[in-house]
Every structure is written in C-alpha cells, then in structure tokens.
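A.B. asks:
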Amino acid sequence: DTGVSQNPRHKITKRGQNVTFRCDPISEHNRLYWYRQTLGQGPEFLTYFQNEAQLEKSRLLSDRFSAERPKGSFSTLEIQRTEQGDSAMYLCASSLRAGTGGETQYFGPGTRLLVL
Amino acid sequence: GQQVMQIPQYQHVQEGEDFTTYCNSSTTLSNIQWYKQRPGGHPVFLIQLVKSGEVKKQKRLTFQFGEAKKNSSLHITATQTTDVGTYFCAGQNRDDKIIFGKGTRLHILP
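If you read the protein sequences in the order shown, they are chains A and B. Oh and the first sequence: position 73 is 73 in this note's numbering, straight run, nothing missing. In this note's numbering, each residue's number is its place in the second sequence (first place is 1) plus 116.
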C-alpha cells in the first residue's frame, strides 16, 4: 500500500496523559500536513512541513502540541497533558509541491483520539 | 484571517435530483480543491481548479471556479446513493496556506 498511513488508528487516554501519533506519507511527497477534525466540521489546519522544516503552525496549536519530521519522511504529533477538548480525529496528509502550481493532498485514515 | 465558507451545511435530495454546494473565500485564492469524505472515512481528493472561470467535469460532477477566484461550486447531476458524503472545498492562498470549508453533508433519499 503506497498511500498515507497513520498509527494508531484509535487512541483512548486519560486526561493529563501524553499521546504520540505517527504519520507515514507517500514516499516521494515533500510536504506533510497535520489537521484536526471534529464531528460536523472540516479539517482544521494544525501545522505542516516541507521536507524536515516545519513551515507553519496554527495559532490554535497550543504549547502542548508538538510535531516533528526529523528526516523529512515520517512525522510524529505529540500532545502533552491531554485535555478532553483534544478529543478529535487527527488527520495527516501529504503532497508533492513542485513549482508554482497547486498541490493535491492525500489524506491518511486518521487517528481518532478520545480523552476521558 | 482568511475564511472559507460553504453552503449549505446539509442537503437532502431525492435520488435522481441535482445537488449544488457553494464555496466562498474571504480572500483571492491561487487555487481551490474539492474533497469528498464518506461517513467514517477520510477526505479524498476530487479535483483542483487553478484558472479564473475554470470549469471542469467528472462524469456527473461539474466544478466551477469564479472569475475573481474567490468562489467555487460543485454541481452533481442526477444524484445516486453513492454520492452520499460530505463535500469539502479547500482554498489555497498565495502564501500556500490551505483552508477547508466546513463542508456540505449530502444525504440521498431513496
């Protein structure tokens, strides 16, 4: 399967615990995005990388959230001291950005987080 | 900041009827993309529009990009049960930022 993969697919945790999610993008893609989606809403941008550089972080991303893409391949999203409001689907998407044209994002299946 | 609004939020149509969802951006876009998300699934790319006034067709789906590159529409002709899902537009601005609309959830009545 050469699509975007995410692990784990589901995570249940207690409030205050730390969680880490992983995203493996399509191998030749240079951009990787993290989104959060809650019921009835569109994907909400969190952050994105071009290769290993984190180019933008949403103002919605509190200090408890951190993302890395150390070698420009897979990425991790960590949430520290989880809160119930963090419960959501966390989506990863990758794309190939070349030149000035637009880019198509390919989404992974997401990690559904439930904070009790 | 940039906002992307989508209407309607929900649409129920009888199978065979047409369906249209509209997307409006507060700022001029460099391109707009459309995605479909089935219940329980993840967004799947449908199409990208780049040029002012561009119209693209995919079978029963017609996508338009406004002349001012601030609005777009998706029209489905003769809906089928397989069209059920939520349709999102995503606008990309000149700073490369991609903002998704809240989506239009399409429900088909048999």
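Backbone N, C-alpha and C fix where the C-beta goes; we use that ideal spot for every residue, glycine too.
Just the C-alpha distance for S73 (chain A) and G117 (chain B), rounded to the nearest angstrom, thanks.
C.D. replies: If I take the Cα positions, the gap works out to 30 Å.
A.B. asks: Strictly below 7 Å CB to CB, what residues from chain A border G219 (chain B)?
C.D. replies: Correct list: G42.
A.B. asks: List the residues of chain A whose Cβ lies closer than 8 Å to the Cβ of F179 (chain B), in chain order.
C.D. replies: Near F179 (chain B) there are no residues of chain A at all, since even the closest Cβ is about 13 Å away, more than 8 Å.
A.B. asks: Which residue wins for smallest C-alpha separation from R64 (chain A), given the options A:H29, A:T38 and A:T82?
C.D. replies: Of A:H29, A:T38 and A:T82, the residue nearest in Cα terms is A:T82.
A.B. asks: Within 8 Å (strictly less), CB to CB, does P25 (chain A) reach chain B?
C.D. replies: It does not; no Cβ of chain B falls within 8 Å.
A.B. asks: Would G16 (chain A) be called buried (16 or more neighbouring beta carbons within 10 Å of its own) or exposed?
C.D. replies: G16 (chain A) comes out exposed.
A.B. asks: Is the Cβ-Cβ distance between E78 (chain A) and T20 (chain A) less than 8 Å?
C.D. replies: The answer is yes: Cβ separation under 8 Å.
A.B. asks: Run down chain A in chain order and give the residues with a C-beta less than 7 Å from the C-beta of P159 (chain B).
C.D. replies: By Cβ distance, chain A contributes P43 and F107.
A.B. asks: Go ahead and label I192 (chain B) buried or exposed: buried means 16 or more other beta carbons lie within 10 angstroms of its beta carbon, across all protein chains shown.
C.D. replies: By the neighbour-count rule (16 or more Cβ atoms within 10 Å), I192 (chain B) is buried.
A.B. asks: For the stretch 152 to 160 of chain B and the stretch 199 to 207 of chain B, state whether three or more C-beta atom pairs, one from each stretch, are separated by less than 8 Å.
C.D. replies: Short answer: they touch.
A.B. asks: Express the C-alpha separation of N147 (chain B) and V166 (chain B) in angstroms, rounding to a whole number.
C.D. replies: Spanning the two alpha carbons is a distance of roughly 4 Å.
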